[in-house]
């Protein structure tokens, strides 16, 4: 792993605060490589990020080509790789394709790999174990396992996760299972670094041993989320809880519809690179945009001006 601003703390191999970064597109839907570099620099330099995950679900990996994924990854590494960890999302439901993406990410200079449970084909636990072991063997990069059964259709069982953890290059988990009890058992039985994959559960997961978050509202609320994590680490439980409750409207509000949709809307309202979503996703409508502004305001951040709201269709937001 490249030495970066986050150092080489094995307990926090990718830092504390990361975002699953959106992939900016131009108005015509084509890839905005320069926008990706500018957004990455903003998140690291102005939103207090230790690292970024590119080409994950929030990066619309389902609708970007392998060539586009490589372009985005290289642009982000060039922009911030000297001061933040850059993790490449390479997960697919095809082990051989995932291996190809993993090797391409290593060649591009990524610091690590985010590998989601194979989706749709619903492999048995033995197949899941084999999949992650194969990816671990395929490159020299550390692996963050992404457990999100709500999207993949199958959860990684606790015993399976513990067996996956036996691989030297599997070092972390992005946990979106929503089962704190089972997560705690894995934390007890392994040395895996746990990162919350559900923003609203970051503080509860920290309480059982997690080390950070791979967030989505963190595109906008990075410093506040970082302060919550640090307050918990420092033993200031009251401060951490107060920040959690302050941020809860954003932690939930960004997911009132598909998270990419509202994250791109928020970034556009803030004048940052984002652009439209690709089909089958659709842009936020006026009601969704208005509720997003309310959620952000309740969490302590004003996004969008009255003029912008009066001309919301100019933002690529559906009427």
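In the numbering used here, the protein residues as written are 7 to 325. Ideal placement from N, C-alpha and C gives every residue a C-beta, glycine not left out. It should be emphasised that the depicted structure is a prediction, and the values quoted were computed from it without experimental measurement.
Tell me which same chain residues have a C-beta within less than 7 angstroms of the C-beta of residue i, skipping the five on either side of it?
| i | result |
| --- | --- |
| residue 258 | 206 |
| residue 74 | 37 |
| residue 84 | 43 |
| residue 186 | 210, 211, 214 |
| residue 188 | 164 |
| residue 161 | 153, 155, 183 |
| residue 254 | 206 |
| residue 99 | 124, 125, 126, 127 |
| residue 193 | 200, 214, 215 |
| residue 264 | 287 |
| residue 233 | 249 |
| residue 245 | 237 |
| residue 191 | 164 |
Name the DSSP bridge partner or partners of residue i?
| i | result |
| --- | --- |
| residue 91 | 57 |
| residue 19 | 21 |
| residue 149 | 119, 176 |
| residue 220 | 24 |
| residue 31 | 37 |
| residue 181 | 153, 202 |
Count the other CB atoms, across all protein chains shown, that sit within 10 Å of the CB of residue i; report buried if there are 16 or more and exposed otherwise.
| i | result |
| --- | --- |
| residue 9 | Bear in mind that a pLDDT of 41 at residue 9, under 50, signals an unreliable position, so the model cannot answer this. |
| residue 52 | exposed |
| residue 208 | buried |
| residue 126 | exposed |
| residue 300 | exposed |
| residue 146 | exposed |
| residue 231 | buried |
| residue 172 | exposed |
| residue 6 | The requested residue 6 does not occur in the structure, where the chain is confined to residues 7 to 325. |
| residue 49 | buried |
| residue 35 | exposed |
| residue 174 | exposed |
| residue 277 | exposed |
| residue 33 | exposed |
| residue 169 | buried |
| residue 181 | buried |
| residue 286 | exposed |
| residue 158 | buried |
| residue 195 | exposed |
| residue 311 | exposed |
Using a Cβ-Cβ cutoff of less than 8 angstroms, which residues in the same chain neighbour residue i once the five nearest sequence positions on both sides are dropped?
| i | result |
| --- | --- |
| residue 141 | 96, 101, 104, 105, 108, 119, 121, 149 |
| residue 24 | 55, 56, 57, 58, 59, 91, 93, 201, 218, 219, 220, 221, 224 |
| residue 17 | 199, 217 |
| residue 166 | 131, 134, 135 |
| residue 39 | 77, 78, 81 |
| residue 252 | 230, 305, 306 |
| residue 7 | Because residue 7 sits at a pLDDT of 43, beneath the cut-off of 50, its placement in the model cannot be relied upon, and the following sentence gives the value as read from the coordinates. Around residue 7: 14, 19, 91, 117, 118, 147, 148. |
| residue 138 | 121, 149, 151, 170, 173, 176 |
| residue 298 | 259, 260, 262, 268, 271, 272, 290, 309 |
| residue 324 | Confidence at residue 324 is low in this model, with a pLDDT of 47, below 50, so its placement is unreliable and no value can be given for it. |
Looking only at its own chain, which residues have a Cβ that is under 6 angstroms from the Cβ of residue i, when we skip the five neighbours before and after it?
| i | result |
| --- | --- |
| residue 229 | 54 |
| residue 12 | With a pLDDT of only 45 at residue 12, under 50, the local geometry of the prediction cannot be trusted, and no value is derived from it. |
| residue 41 | 30, 279 |
| residue 204 | 182 |
Less than 8 angstroms between the CB atoms is what I'm expecting for residue i and residue j, so what's the real figure, rounded?
| i | j | result |
| --- | --- | --- |
| residue 91 | residue 57 | 3 angstroms |
| residue 266 | residue 66 | 6 angstroms |
| residue 128 | residue 153 | Their Cβ separation, rounded to whole angstroms, is 14 angstroms, which puts residue 128 and residue 153 out of contact at 8 angstroms. |
| residue 284 | residue 123 | With a Cβ gap of about 23 angstroms, residue 284 and residue 123 do not count as contacting. |
| residue 302 | residue 256 | 6 angstroms |
| residue 27 | residue 46 | 7 angstroms |
Closer than 7 angstroms: is that where the CB of residue i sits relative to any heavy atom of the ligand HEM?
| i | result |
| --- | --- |
| residue 145 | Looking at this structure, you won't find the ligand HEM or any other ligand, since it has none at all. |
Are the region 241 to 250 and the region 286 to 299 touching, with three or more C-beta to C-beta distances below 8 angstroms? no
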